[in-house]
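Trainee: Protein chains in written order, with the working numbering: chain R, 465 to 518; chain Y, 2 to 248; chain A, 3 to 157.
Pasting in a structure now, in structure tokens, and then I'll have a few things to ask.
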Amino acid sequence: MSEFFHMGGYALYVWLSYGLALVILVVNIIIPMQRRKKHIAMIKRRLRRTPAEK
Amino acid sequence: MWSFFHRLASPKHFYQFAGRLIPWLGWSTLVLFIIGIYLGLFVAPTDYQQGESYRIIYIHVPAAWMSMFVYMVMAISGGIGLIWKMKMADVVASSAAPLGAAFTILALVTGSLWGKPMWGTWWIWDARLTSELILLFLYLGFIALQSAIEDRRTAANACAVLALVGVVNIPIIHYSVEWWNTLHQGATVTRFDKPAMATSMLIPLLTMFLAFKLYFGLTLLMRARVEILERERDTTWMKEMITESGK
Amino acid sequence: MRFLPKHPKRRKRLALIALMITGIGSAVALATIALKENINLFYGPTQILEGEAPKNHAFRIGGMVEVGSVKRNKDSLEIYFEVTDTVNKVPVSYTGILPDLFREGQGIVAQGKLREDGVFVADTVLAKHDENYMPPEAAQAINDAQKIQSTLTGN
């Protein structure tokens, strides 16, 4: 197992690459999720302030 | 079939269709990533020349391919928006830009991390690396231009023109390793004869490529939905939908 | 300057766009000039012997490390080898740390100057690898097959 993490001496380069990929891929999922929540909350707030004109 | 596409051009239908598609895309992306990384790190054999360091290829090459593919998606939908004044085309183009920039950064940094141990340098101004860096500037220019112009219509048109002009860079990136002497090696997979890679190494690469593609589809839809929320927040359908979802 | 927008907000926006276009334009122009001047990363041994390479300033040489040409100085990091394009050869001397991939028969790119005696004095040596990826056993098998082939054809 430790041999696997050692990556034949290239551990730093290989794991940094995979780590960076993980960070970038996860961040690009989280950003739109949070922005979506924010926008929906904002629209709801505005709806409450001006109740549906009937 | 045509009516399906016509309906997708309306923000409301796009929003709802994307909402149904996202969970499926999400789970299949996750599964493909797990398979691809498992095959790439545990199953694929050591390389005869580069030892274990070549495993960076499973991140680097899909990211680099996607950086070009996303650019084409961005430029084509920008062009469609420019010609047919289609709202959804602009939404897709502006949602693709930050994703393309992310893939380009990932390709550049992993390339650097691979270049240091193998070539002996983090960076060199050879034609392949330079043209990929210009691609990053094109993405950043697109994003900056969009945020600088307040009027949505004008911004979309200006950005589409920038994106279309920048398309010239894509074949330059691809053929740079053939047209000029570069430190970067030639193409491995997209050769006309068979790929210069053992099958046991190629399968994880293609799996990762598919995973990256689905991931792009997933995040593009997610971003497009947020963009629609923002643009259509004053429309009746949006208000109704949010009231109906309750709470 | 009557054609400029009067509204300060619009003025600011116009300035920003102009700034950005100049920025992107100059970045692209700079990159193109840089590439044009040095779009080929290196010169091959034949080009150098024909006098195409610059005489007075540093340039890069590219080619394969001739098999059997590598000589190391026992007391220092100095190394001497020949770079070949299979037609011509240029001797190279270098002192320093080599990349992991440096070996005989490997493609390399070295930066430095050509000394008057025709020896290329390098200050950096970079390894260039090919686009083939395979497990060591497969590489060994191909190697063996080529050896058999060459004994059969008598080359």
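Just so it is clear, CB atoms sit at the ideal spot from N, CA and C, and this is done for glycine as well.
(1) My output table needs one value for R:Pro496: the three-state DSSP class, helix, strand or coil.
(2) Exposed or buried, what is A:Gly120 when buried is set at 16 or more other beta-carbons lying within 10 Å of its beta-carbon?
(3) Quick check: is the beta carbon of A:Leu103 nearer than 7 angstroms to any beta carbon in chain Y?
(4) Taking 7 angstroms as the threshold (beta carbon to beta carbon), is Y:Thr220 in contact with chain R?
(5) Does the CB of A:Glu133 have a neighbour CB from chain Y at under 7 angstroms?
(6) Flag this pair as yes or no: are the beta carbons of Y:Ala197 and A:Ala140 separated by less than 7 angstroms?
(7) Would you give the residue range spanned by the alpha helix (DSSP H) that Y:Asp91 belongs to?
(8) I need the boundaries of the beta strand (DSSP E) containing Y:Gly142, first residue and last residue.
(9) Give every residue of the same chain whose Cβ lies closer than 6 angstroms to the Cβ of A:Pro93, excluding the five residues on either side of it in the sequence, and list them in chain order.
(10) Around the Cβ of R:Phe469, are there at least 16 other Cβ atoms within 10 angstroms (buried) or fewer (exposed)?
(11) Using a Cβ-Cβ cut-off of 8 angstroms (strictly less than) and excluding sequence neighbours within five positions of Y:Thr220, which residues of its own chain qualify?
(12) Just mark A:Leu79 as buried or exposed, buried being the case when its beta carbon has 16 or more other beta carbons within 10 Å.
(13) Going along chain A, which residues have a C-beta under 9 angstroms from Y:Trp120?
(14) In the DSSP output, which residue or residues are listed as bridge partners for A:Leu116?
(15) With a threshold of 8 angstroms, are at least 3 pairs of Cβ atoms found where one atom belongs to the segment 118 to 134 of chain Y and the other to the segment 171 to 188 of chain Y?
(16) Have a look at Y:Phe104 and Y:Ala65 and give me their C-alpha separation to the nearest angstrom.
(17) What's the C-alpha gap between Y:Lys86 and A:Ala55?
(18) Which residues in chain R have a C-beta closer than 7 angstroms to the C-beta of Y:Leu100? List them in chain order.
(19) If you run the structure through DSSP and keep just helix, strand and coil, what is Y:Phe70?
(20) 7 angstroms is my cut-off, CB to CB: does Y:Val44 come that close to chain R?
(21) For Y:Asn158, would you say it is in contact with chain A, using Cβ-to-Cβ distances shorter than 7 angstroms as the test?
(22) Give me, in chain order, the residues of the same chain whose beta-carbon lies closer than 7 angstroms to that of Y:Thr236; leave out the 5 immediate sequence neighbours on both sides.
(23) DSSP has R:Glu467 in a bridge; who is on the other side?
(24) Who are the neighbours of Y:Phe138 on chain A, taking C-beta pairs under 7 angstroms?
(25) Taking the Cβ atom as the reference point for each residue, do A:Phe174 and A:Gly70 lie within a distance shorter than 7 angstroms?
Mentor: For this structure:
(1) For the purposes of this step, residue 496 of chain R is taken as residue 32 along the first sequence, with counting starting at 1. Helix, per DSSP.
(2) To locate residue 120 of chain A, count along the third sequence from 1; it is residue 118. So A:Gly120 ends up on the exposed side.
(3) Here the question's residue 103 of chain A lines up with position 101 in the third sequence. Chain Y contact via Cβ: present.
(4) Along the second sequence, one-based indexing puts residue 220 of chain Y at 219. At least one chain R Cβ lies under 7 angstroms of Y:Thr220.
(5) Along the third sequence, read from residue 1 onward, the residue named residue 133 of chain A stands at position 131. Any Cβ of chain Y closer than 7 angstroms to the Cβ of A:Glu133 would place that residue at the interface, and such an atom is present.
(6) The count along the second sequence starts at 1 and reaches residue 197 of chain Y at position 196. The count along the third sequence starts at 1 and reaches residue 140 of chain A at position 138. Between Y:Ala197 and A:Ala140, the gap from beta carbon to beta carbon reaches 7 angstroms or more.
(7) Position 90 of the second sequence, counted from the first residue, corresponds to residue 91 of chain Y. Segment 88 to 119, the alpha helix (DSSP H) holding Y:Asp91.
(8) Numbered from its first residue, the second sequence carries residue 142 of chain Y at position 141. Careful: Y:Gly142 lies outside any beta strand (DSSP E), inside the alpha helix (DSSP H) at 128 to 149.
(9) On the third sequence, residue 93 of chain A is found 91 positions in, with the first residue counted as 1. Annotation for A:Pro93: Glu84, Val121 place their beta carbon closer than 6 angstroms to its own, counting only its chain and skipping 5 residues before and after.
(10) For the purposes of this step, residue 469 of chain R is taken as the residue at position 5 of the first sequence. Classification of R:Phe469: exposed, given that the 10 Å Cβ count is below 16.
(11) Numbered from its first residue, the second sequence carries residue 220 of chain Y at position 219. So the qualifying residues of the chain are Leu100.
(12) Here the question's residue 79 of chain A lines up with position 77 in the third sequence. Burial call: exposed.
(13) Locating residue 120 of chain Y in the second sequence gives position 119, counting from the first residue. Residues of chain A passing the Cβ test: Pro101, Leu103, Val111, Leu128, Ala129, Lys130, His131.
(14) Counting from one through the third sequence, the residue named residue 116 of chain A turns up at place 114. Its beta-bridge partners are A:Phe122.
(15) Because the criterion of three Cβ pairs below 8 angstroms is met, the segment 118 to 134 of chain Y and the segment 171 to 188 of chain Y touch.
(16) For the purposes of this step, residue 104 of chain Y is identified with residue 103 of the second sequence, where counting begins at 1. For the purposes of this step, residue 65 of chain Y is identified with residue 64 of the second sequence, where counting begins at 1. Each residue's alpha carbon lies about 7 angstroms from the other.
(17) Residue 86 of chain Y sits at position 85 when you count from the first residue of the second sequence. Residue 55 of chain A sits at position 53 when you count from the first residue of the third sequence. Rounded to the nearest whole angstrom, the C-alpha separation of Y:Lys86 and A:Ala55 is 53 angstroms.
(18) For the purposes of this step, residue 100 of chain Y is identified with residue 99 of the second sequence, where counting begins at 1. Simply Asn492.
(19) Position 69 of the second sequence, counted from the start, is the residue given in the question as residue 70 of chain Y. Here Y:Phe70 sits in helix by DSSP.
(20) On the second sequence, position 43 is the one that residue 44 of chain Y refers to. So no, Y:Val44 is outside the interface.
(21) The sequence position of residue 158 of chain Y within the second sequence is 157, counting from 1. No, its Cβ sits nowhere closer than 7 angstroms to a Cβ of chain A.
(22) For the purposes of this step, residue 236 of chain Y is identified with residue 235 of the second sequence, where counting begins at 1. Nothing listed; no residue qualifies.
(23) Within the first sequence, the letter at position 3 stands for residue 467 of chain R. DSSP links R:Glu467 through a beta bridge to no other residue.
(24) Counting from one through the second sequence, the residue named residue 138 of chain Y turns up at place 137. Those within 7 angstroms of Y:Phe138 in chain A are Ile26, Ala29.
(25) Lying outside 3 to 157, the shown extent of chain A, residue 174 of chain A is not represented and no answer is given.
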